[in-house]
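Taking it in order: structure first as structure tokens, then the write-up.
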Amino acid sequence: MSASRLLVAVLVLGFSSPNRVASAADGPPASVNPQVTLVSIPAEKLTLQNGLEVILHQDKSLPRVAINIWYRVGPVNQPEGRSGFAHLFEHLMFEGSKHVGHQFDHLLEAAGATNVNGTTSWDRTNFFETVPSEYLELGLWLESDRMGFLLDAVNQERLDVQREVVLNERRQSYENAPYGASYLTLMNAIFPVGHPFHDGAIGSERDVKRATLRDVKQFFKAFYSPSNATLTLAGDFDTQRAKALIIRYFGPLPGQVPLARPAPPCSLVPEPSCRKDFPVRLPPPQALTVRESVSLPQVAVAWVTPAAFSDADLALDVASAILADGKTSRLYRTLVTEERVASSVSAWVDSTATDSMFQASAVGTAGGDPGKLEGLLQRELDHFRKDGPTETEVARAKHKLLLSTLSDLQNLNGSGGDSGRAGTLQRLNHYLGNPAHLQAWLTRMSKVSANDVHTTLQKYLGPEHRVLVRTLPNAPDKTPPAAKGAAQ
103 MSASRLLVAV
113 LVLGFSSPNR
123 VASAADGPPA
133 SVNPQVTLVS
143 IPAEKLTLQN
153 GLEVILHQDK
163 SLPRVAINIW
173 YRVGPVNQPE
183 GRSGFAHLFE
193 HLMFEGSKHV
203 GHQFDHLLEA
213 AGATNVNGTT
223 SWDRTNFFET
233 VPSEYLELGL
243 WLESDRMGFL
253 LDAVNQERLD
263 VQREVVLNER
273 RQSYENAPYG
283 ASYLTLMNAI
293 FPVGHPFHDG
303 AIGSERDVKR
313 ATLRDVKQFF
323 KAFYSPSNAT
333 LTLAGDFDTQ
343 RAKALIIRYF
353 GPLPGQVPLA
363 RPAPPCSLVP
373 EPSCRKDFPV
383 RLPPPQALTV
393 RESVSLPQVA
403 VAWVTPAAFS
413 DADLALDVAS
423 AILADGKTSR
433 LYRTLVTEER
443 VASSVSAWVD
453 STATDSMFQA
463 SAVGTAGGDP
473 GKLEGLLQRE
483 LDHFRKDGPT
493 ETEVARAKHK
503 LLLSTLSDLQ
513 NLNGSGGDSG
523 RAGTLQRLNH
533 YLGNPAHLQA
543 WLTRMSKVSA
553 NDVHTTLQKY
563 LGPEHRVLVR
573 TLPNAPDKTP
583 PAAKGAAQ
């Protein structure tokens, strides 16, 4: 049986139409736990002598190979005063290396590669591309050259160029983007000064501007080595040849003492190699107001929550789907359809190996009352926390989440490098230390109950730790035209 066929899953759900709105009167469905079978991404994992982890998933159905490298470095590793360094290096990794020079993108484009990119998250940085099978060696050589020989090509000029690119990206993401300043305000309230997530993954303008060439070289030497990285291949390749190429191009690169990783949750990894408790640094309640050049108000609330793949994290994934996934979700039904105070709603969990964040938000309507929007959003969240979900809501949410996961596994490489089969193997390995935990994770997801969600909501989403940011449109400029002219 081919690897792609092994991705077939059977979901058995015990409720009727997925478009039917759940109510408290609904009794429990016949089966509230979707049964997931035959879900697998067959893969082999090995470790080179220099510490590089290698994951190989073969699927010969299409003549393409996804190359996906994760470095265990992100804002969580940055010392105070060095925010944005991991993201800055994501850009520098495309600026050329000793043997490739500036030809990285050109060589891949000429070979017909797709999805060539890199991203920085809170606890990892990744680089990925999908190449035609016959160009696997080219892709491996390019990645090995910037892993082992980037500093030979980094100079002050290239640092200054990428520094300006990063600062411009910050302006586009925060200062000049609708609700961008509000999001950064929310992040910085949730993760105050001293927390490595403060100022976001892009970092503060001050820290990025003062980064010296010596600083960035030291940062690279500390984190960008084979012993702090995982290389995953997914697609059409000969296993023995792929291993030989990896040893040829990555094997000679020097490793170093591996960095310690946070222990994975006990729900998927047996004791004693797991962590039972996930200490959560709960912030005090806050309500902040930000004025922006937007036409519609917004209200966003957030909480610090436990780490990725923990039991609480799974329950909160289900909770976010119940709140805002689709037109039958609680927030959409109440705020958009019934009360008509919101034009859109959202809820999501940003999960990391240490502190995660649960956020829910609603964008108002033209001419609407921001105070009413805020009051109704808080009322719905408080009711959800107090009463919990119905079993029908939980079953529907799990159905959506599981189908979304299975649909994503049809891709070799996802758009952000953390999805598709290569990205999923990387995430499982990064957070759980084992790329074979897909079935166990999906099984745990399928068993999340209404009581699990309710208990988690009461423990972590209380008003005593809620951070709220209301975004109001800038006040209209009432300065008389004559006065405007006189000021110039």
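Just so you know, the numbering used here puts 234 at position 132 of the sequence shown, and the rest follows in order with no gaps. Note that the Cβ used here is the ideal one computed from N, Cα and C, for glycine as well. Here the structure is a predicted model, which means the values were calculated and not measured.
- Contact between the segment 414-424 and the segment 497-504 is established, with three or more Cβ pairs separated by less than 8 Å.
- Looking at the backbone, the Cα of Gln180 and that of Pro472 are separated by about 38 Å.
- In this structure, Val392 places its C-beta atom within 8 Å of the C-beta atom of Ala283.
- As summarised for the segment 177-260, the continuous beta strand (DSSP E) elements at least 3 residues long and confined to that stretch are 216-222, 227-234, given in chain order.
- Relative to the Cα of Leu544, the nearest Cα in the group Ala462, Met289, Leu416 belongs to Leu416.
- Beta bridge pairing from DSSP links Trp172 with Asn228, Thr332.
- DSSP places Ile292 inside the alpha helix (DSSP H), whose first and last residues are 282-292.
- Listed in chain order, the non-local C-beta contacts of Arg260 below 8 Å within the same chain comprise Leu194, Glu197, Gly198, local neighbours out to five positions each way being set aside.
- Annotation note: the segment 499-569 contains the following uninterrupted alpha helix (DSSP H) runs of length 4 or greater, listed N- to C-terminal: 522-534, 540-548, 552-562.
- The beta carbons of Trp224 and Pro294 sit no closer together than 8 Å.
- Within the same chain, and ignoring the five residues on either side of Ala303 in sequence, the residues whose Cβ sits closer than 6 Å to its Cβ are Pro177, His189, Thr222.
- Judged by pairs of C-beta atoms under 8 Å, the segment 235-245 touches the segment 330-350, as three or more such pairs exist.
- Bridge pairing for Phe460: Trp405, Val451 [DSSP].
- Burial is judged here by how many other beta carbons sit within 10 angstroms of a residue's own beta carbon; Asp301 has at least 16 and is buried.
- Within 10 angstroms of the beta-carbon of Ser431 lie 16 or more other beta-carbons, which makes it buried.
- In this structure, the beta-carbon distance from Ala462 to Leu508 does not fall below 8 Å.
- For Arg435 and Ser446, the gap between their C-alpha atoms comes out near 11 Å.
- Glu146 sits in a strand when the DSSP states are folded into three classes.
- Residue state for Pro575 is assigned as strand, using DSSP reduced to three classes.
- Going by beta carbons, Pro360 and Ser397 fall outside the 8 Å limit.
- Between the C-alpha atoms of Gly564 and Val141 there is a straight-line separation of about 36 Å.
- Distance check between Gly428 and each of Gly466, Asp489, Glu495, Gln528 places Glu495 closest, using alpha-carbon atoms only.
- When only Cα atoms are considered, Val202 and Met459 end up about 39 Å apart.
- Inter-segment contact for the segment 252-268 and the segment 478-493 is absent: fewer than three beta-carbon pairs are separated by less than 8 Å.
- The residues Ala417, Val420, Ala421, Gly490, Pro491, Val496, in chain order, have a CB closer than 7 Å to that of Val555 in the same chain once the five nearest residues on each side in sequence are set aside.
- Residue range 388-394 is occupied by the beta strand (DSSP E) that includes Glu394.
- The DSSP-derived three-state label of Ser446 is strand.
- Annotated three-state conformation of Ile157 is strand, per DSSP.
- Closest in alpha carbon position to Ser453, among Lys200, Ser412, Glu476, Leu238, is Ser412.
- For Gly337, the beta-bridge partners assigned by DSSP are Gln160, Val167.
- Sequence-distant partners of Gly522 (beyond 5 residues in either direction) whose C-beta falls short of 6 Å from its own C-beta, in its chain, are Asn513, Leu514, Asn515, Gly516.
- Taking the CA atoms as reference points, Gln400 sits about 43 Å from Lys323.
- For Ala410, there is no enclosing alpha helix (DSSP H), as DSSP marks it with neither H nor E.
- In this structure, DSSP gives Gln400 an extended state, which the three-state scheme calls strand.
- Judged by their CB atoms, Leu384 and Val406 are nearer to each other than the 8 Å cut-off.
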